[in-house]
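To convert a position in the sequence shown, counted from 1, into our numbering, add 82.
Cβ atoms here follow ideal geometry from the backbone N, Cα and C, with glycine treated the same way.
What you are looking at is a predicted structure, and each value in this text was computed from that prediction instead of being measured.
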Amino acid sequence: MKQMLNIALPKGRLGEKVYAMFEKAGFPCPSIKETNRKLIFENEEVGVRYFWVKPSDVAIYVERGAADVGVAGKDILLEYEPDVYELLDLGVGVCRMAVAAREGFRDDGARTLKVATKFSRIAKAHYASLGRDIDVIHLNGSIELAPILGLSDVIVDIVETGTTLKENHLEVVETVLPISARLIANKSGFKFKSERIEQIVRGLSMQTEEQA
Ligand code: PRP
Numbered sequence: 083m084k085q086m087l088n089i090a091l092p093k094g095r096l097g098e099k100v101y102a103m104f105e106k107a108g109f110p111c112p113s114i115k116e117t118n119r120k121l122i123f124e125n126e127e128v129g130v131r132y133f134w135v136k137p138s139d140v141a142i143y144v145e146r147g148a149a150d151v152g153v154a155g156k157d158i159l160l161e162y163e164p165d166v167y168e169l170l171d172l173g174v175g176v177c178r179m180a181v182a183a184r185e186g187f188r189d190d191g192a193r194t195l196k197v198a199t200k201f202s203r204i205a206k207a208h209y210a211s212l213g214r215d216i217d218v219i220h221l222n223g224s225i226e227l228a229p230i231l232g233l234s235d236v237i238v239d240i241v242e243t244g245t246t247l248k249e250n251h252l253e254v255v256e257t258v259l260p261i262s263a264r265l266i267a268n269k270s271g272f273k274f275k276s277e278r279i280e281q282i283v284r285g286l287s288m289q290t291e292e293q294a
């Protein structure tokens with residue numbers, strides 16, 4: 083029997099796109115397309131086991147070796163700094179980390195800036211690089227509410243299409259970082275299964291070149 087490679091994919095639209103890339107790279111698992119609530123899918127012939135994970139948890143599975151490889155956003159890698167190898171920029175899930183505020187807001191620098199975010203480490207690093215004092219308000223979602231209700235002056239959050247900001251009368255003040263999905267690997271798994279993981283990297287990187 084083939085050695086199984088455990089692959090953690092982010093649940094949702096991005097994960098489906100990424101699975102299609104793995105399939106094209108030569109690691110198919112047809113049962114994953116069955117519409118049910120199952121979370122684990124195997125193809126013993128090819129030696130792959132995929133599982134759907136909450137996107138922000140993929141790096142935890144990979145860091146602790148429950149998955150050999152996985153796909154995680156650069157935002158998560160920068161925020162949590164998991165001890166994993168980052169092998170490839172997949173060129174999908176492209177968005178940016180940005181500072182946003184109510185339309186017309188100007189930071190006059192007079193007092194500590196109140197920053198609401200799910201990405202406290204990224205926000206702190208960004209403002210530290212500017213030498214600006216901030217008070218971080220850590221939230222877990224619907225960050226856009228904070229400046230509307232006066233909980234914060236600005237937010238640091240993911241902007242993809244910009245629709246969420248627009249519909250809430252917020253606007254981008256500045257871009258902090260470009261973000262995209264990355265292939266990551268467990269450090270010891272990479273040693274023991276290097277040949278197969280490198281095969282994945284080759285198969286996926288061919289597709290990112292096609293996209294570019
Ligand atoms: C993300 C982000 C923004 C939105 C940006 O939210 O936090 O709210 O997507 O996308 P847009 O620019 O295309 O509108 P997510 O759906 O992950 O939910 P949450 O942050 O509220 O949990």
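Residue i vs residue j beta-carbon contact at 8 angstroms
i: K273; j: V166; result: no
i: G175; j: S262; result: yes
i: G97; j: G285; result: no
i: P164; j: G94; result: no
i: R146; j: I89; result: no
i: I296; j: A154; result: For residue 296 there is no data in the structure shown, the boundaries of the chain being 83 and 294.
i: R184; j: L252; result: yes
i: R178; j: T257; result: yes
i: P92; j: V144; result: no
i: V254; j: A182; result: yes
i: S113; j: F104; result: no
i: Q281; j: K106; result: no
i: R264; j: E168; result: yes
i: L172; j: V100; result: yes
i: Y162; j: A148; result: no
Environment of residue i [buried if 16+ CB atoms lie within 10 Å]
i: K120; result: exposed
i: G191; result: exposed
i: V241; result: buried
i: P229; result: buried
i: R193; result: exposed
i: L212; result: exposed
i: K84; result: exposed
i: L231; result: exposed
i: G223; result: exposed
i: E186; result: Residue identity differs from the one stated: residue 186 is Gly in this sequence, not Glu. Exposed, by the Cβ-count rule.
i: K115; result: exposed
Unbroken alpha helix (DSSP H) run spanning residue i, endpoints
i: K273; result: K269 to F274
i: D139; result: Taken as a continuous stretch (DSSP letters only), D139 belongs to no alpha helix (DSSP H), as it is neither H nor E.
i: R203; result: S202 to L212
i: L159; result: K156 to Y162
i: V100; result: R95 to K106
i: I41; result: An answer regarding residue 41 cannot be provided, because it is not within the stretch 83 to 294 covered by the chain.
i: K248; result: T245 to E249
Integer Cβ distance of residue i from residue j, believed to fall under 8 angstroms
i: L304; j: V283; result: For the chain, the structure presents residues 83 to 294; residue 304 sits outside this window and is missing.
i: A205; j: V218; result: 6 angstroms
i: I225; j: K200; result: 6 angstroms
i: D235; j: L195; result: 5 angstroms
i: D150; j: L87; result: 5 angstroms
Element boundaries [beta strand (DSSP E), containing residue i]
i: M179; result: C177 to R184
i: F123; result: I122 to N125
i: V236; result: V236 to V241
i: E253; result: L252 to I261
i: V174; result: Premise fails: V174 is in no beta strand (DSSP E) and is neither H nor E.
i: L195; result: L195 to T199
i: L87; result: L87 to P92
i: V166; result: Note, V166: premise wrong, no beta strand (DSSP E); not H, not E.
Any residue with its Cβ nearer than 5 angstroms to a heavy atom of ligand 1 should be included. What is that list in chain order?
G223, S224, D239, I240, V241, E242, T243, G244, T245 and T246
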